[in-house]
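Undergrad:
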Amino acid sequence: MSAEVGLRERKKVRTRRALVEAAIRLFDEKGFERTTVDEIAAAVEVSARTFFTYFGSKEDVLFLQAEDRVEQLIEALADRRPDEPLGELLPRLFDLLVQGFADDDELDIALSTARARLLFSEPALRARGMSLMFDRQPRFAEALHRAYPDQLDLISAAAVVGGFWGATGVAGLVAQERGDSPEEILAAGRRAVEVIVRGVDPTG
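Numbering (UniProt numbering), first residue to last: 1 to 204.
1) Which of the three DSSP states, helix, strand or coil, is assigned to Ser156?
2) So the alpha helix (DSSP H) Gly129 belongs to, where does it begin and stop?
3) Could you spell out where the alpha helix (DSSP H) holding Phe51 opens and where it closes?
4) Alpha carbons only, please: which of Gln176, Val44, Leu90 is nearest the one belonging to Gly162?
5) Is Leu7 helix, strand or coil when you go by DSSP?
6) Quick check on DSSP: helix, strand or coil for Arg17?
7) Considering Val44, what are the terminal residues of the alpha helix (DSSP H) in which it resides?
8) According to DSSP, is Lys58 part of a helix, a strand, or is it coil?
9) For Phe32 and Glu122, which I take to be in contact (beta-carbon distance under 8 Å), what is that distance rounded to the nearest angstrom?
10) Does the beta-carbon distance from Leu186 to Val98 come in below 7 Å?
11) Below 6 Å CB to CB, which residues in the same chain sit around Phe140 once its five sequence neighbours on both sides are set aside?
12) So Arg115 and Ile24 are in contact, right, with Cβ under 8 Å, and what is the actual spacing, rounded?
13) Under a Cβ-count criterion, where at least 16 other Cβ atoms within 10 Å of its own Cβ denotes burial, should Phe134 be classed as buried or exposed?
14) Between the region 9-18 and the region 33-50, can you find at least three pairs of beta-carbon atoms closer than 8 Å?
15) Only counting the same chain, and skipping five residues up and downstream in sequence, which positions put a Cβ closer than 6 Å to that of Ala143?
16) To the nearest angstrom, how far is it from the Cα of Val193 to the Cα of Gly166?
17) DSSP three-state label for Asp150, please.
18) Could you check what DSSP says for Pro82 in three-state terms: helix, strand or coil?
19) Shortest alpha-carbon distance to Asp79 belongs to which of Thr53, Leu154, Ala147?
20) To the nearest angstrom, report how far apart Pro82 and Leu96 are at their CA atoms.
21) Tell me, to the nearest whole angstrom, how far the beta carbon of Arg8 is from that of Phe94; I am working on the premise that it is less than 8 Å.
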């Protein structure tokens, strides 16, 4: 029985990954708005009904692990070294976030650039990304406050979190819009974190 369950789970993972990759290719080729769920499902030779067993909407394809990544960062805050300065923690969290995208087994690395381009360029996806970001920021701020209770009250922690997410997001968007490479876009995000650190960590 366990072998049968394992086989079913592996098949589900393969199907989900195939749907993600087919969706991103179609979004990139045809445009997000012009691509239908039926077309994504047909590319993987499954039904639209099967698609909706994995995703609530076609937008969900591109935000599959967003919540998991937030939890990963919150765990990193809880597990930080007791003496780790905030100015060292923020760059480490950014690197952890980048590594999470690099290790994403749901998406072929060759499609990561297309995914990032879609998230930055498609209005509906940018709006969804902003909504998710605002939804998770209060939780992240509470976790940061718990990590530095003697240094950051909740409002100060919220300001740091807003600066972290806002700076990296806008820096990445500007870099993408001027035609930078994926490596340069990541470097822009890292530089944005360093700017935030200089503002929140006087010891620098």
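For every residue, glycine included, the Cβ atom is placed at its ideal position computed from N, Cα and C.
Bear in mind the structure is a predicted one, so any value in this text is a computation, not a measurement.
TA: According to the structure data:
1) Translated into positions along the sequence shown, residue 156 becomes position 156. Helix.
2) Here residue 129 refers to the residue found at position 129 of the sequence shown. Counting along the chain, the alpha helix (DSSP H) containing Gly129 begins and ends at 123-147.
3) Along the sequence shown, one-based indexing puts residue 51 at 51. Where Phe51 is concerned, the enclosing alpha helix (DSSP H) stretches over 48-54.
4) Here residue 162 refers to the residue found at position 162 when the sequence shown is read from its first residue. Looking at the Cα atoms, Leu90 is the closest of the given residues.
5) In the sequence shown, the residue the question calls residue 7 occupies position 7. Here Leu7 sits in helix by DSSP.
6) Mapped onto the sequence shown, residue 17 falls at position 17. Here Arg17 sits in helix by DSSP.
7) Stepping through the sequence shown from its first residue, residue 44 is reached at position 44. Residues 37-44.
8) For this step, residue 58 is matched to residue 58 along the sequence shown. Three-state result, Lys58: coil.
9) Counted from its first residue, the sequence shown places residue 32 at position 32. Counted from its first residue, the sequence shown places residue 122 at position 122. Their Cβ separation, rounded to whole angstroms, is 5 Å, which keeps Phe32 and Glu122 in contact under 8 Å.
10) For the purposes of this step, residue 186 is taken as residue 186 along the sequence shown, with counting starting at 1. For the purposes of this step, residue 98 is taken as residue 98 along the sequence shown, with counting starting at 1. Yes, Cβ-Cβ distance for Leu186 and Val98 is below 7 Å.
11) Numbered from 1 along the sequence shown, position 140 holds the residue referred to as residue 140. Same-chain partners within the cutoff: Val161.
12) Residue numbering aside, residue 115 sits at position 115 when the sequence shown is read from its first letter. Residue numbering aside, residue 24 sits at position 24 when the sequence shown is read from its first letter. 5 Å between Cβ atoms; contact.
13) By 1-based counting over the sequence shown, the position of residue 134 is 134. The residue in question, Phe134, is exposed, as its Cβ has fewer than 16 Cβ neighbours within 10 Å.
14) With the rule of 3 Cβ pairs closer than 8 Å, the region 33-50 counts as touching the region 9-18.
15) Along the sequence shown, one-based indexing puts residue 143 at 143. The residues are Ile74, Leu77.
16) Taking the sequence shown and counting its residues from 1, one reaches residue 193 at position 193. Taking the sequence shown and counting its residues from 1, one reaches residue 166 at position 166. Straight-line Cα distance between these residues: approximately 10 Å.
17) Counting from one through the sequence shown, the residue named residue 150 turns up at place 150. Coil.
18) Sequence index remark: in the sequence shown, residue 82 carries index 82 (1-based). Pro82: coil per DSSP, three-state reduction.
19) Here the question's residue 79 lines up with position 79 in the sequence shown. Selected option, being the one with the closest Cα: Ala147.
20) For this step, residue 82 is matched to residue 82 along the sequence shown. For this step, residue 96 is matched to residue 96 along the sequence shown. Approximately 18 Å, taken between the alpha carbons.
21) As a first step, residue 8 must be located in the sequence shown, where it is residue number 8. As a first step, residue 94 must be located in the sequence shown, where it is residue number 94. Their Cβ separation, rounded to whole angstroms, is 37 Å, which puts Arg8 and Phe94 out of contact at 8 Å.
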